[in-house]
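Residues 7 to 63 in the working numbering are what the sequence shown spells out, letter by letter. Using N, Cα and C, we set each Cβ at its ideal position, and we do this for glycine too.
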Amino acid sequence: MPGDGPEFLICLDCETPCYTFEWQEGILTEATCMMCGEDDVDSFATEEEFEALSADH
């Protein structure tokens, strides 16, 4: 269903917005960064998560 997940994710490897991902029941199940090729779901964050990580540094 549209609206269930984020519009985009941010690749933590190269900090590029990524729109190629699968989001199911509130969980990221698959993602691929078209810029650097990263495909480990642990290497992606929502915009809110990324901002929180950036604020910590």
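Just to confirm my understanding: we take residue i, look at its own chain, exclude 5 residues before and 5 after, and list those with CB closer than 6 Å. What are they?
i: Phe56; result: Ile16
i: Met41; result: Cys20, Thr22
Could you name the residues that DSSP lists as bridge partners for residue i?
i: Phe50; result: Cys17
i: Cys24; result: Leu15
I'd like to check one pair, residue j with residue i: are the Cβ atoms closer than 8 Å?
i: Asp19; j: Glu53; result: no
i: Asp58; j: Phe50; result: As written in the sequence, residue 58 is Ala, which differs from the Asp given in the question. Contact: no.
In the DSSP assignment, find the unbroken beta strand (DSSP E) run with residue i in it and report its ends.
i: Glu36; result: 33–37
Given this structure, state the Cα-to-Cα distance separating residue i from residue j, to the nearest angstrom.
i: Glu28; j: Asp48; result: 13 Å
i: Asp46; j: Ile33; result: 14 Å
Give me, in chain order, the residues of the same chain whose beta-carbon lies closer than 7 Å to that of residue i; leave out the 5 immediate sequence neighbours on both sides.
i: Phe14; result: Pro23, Cys24, Tyr25
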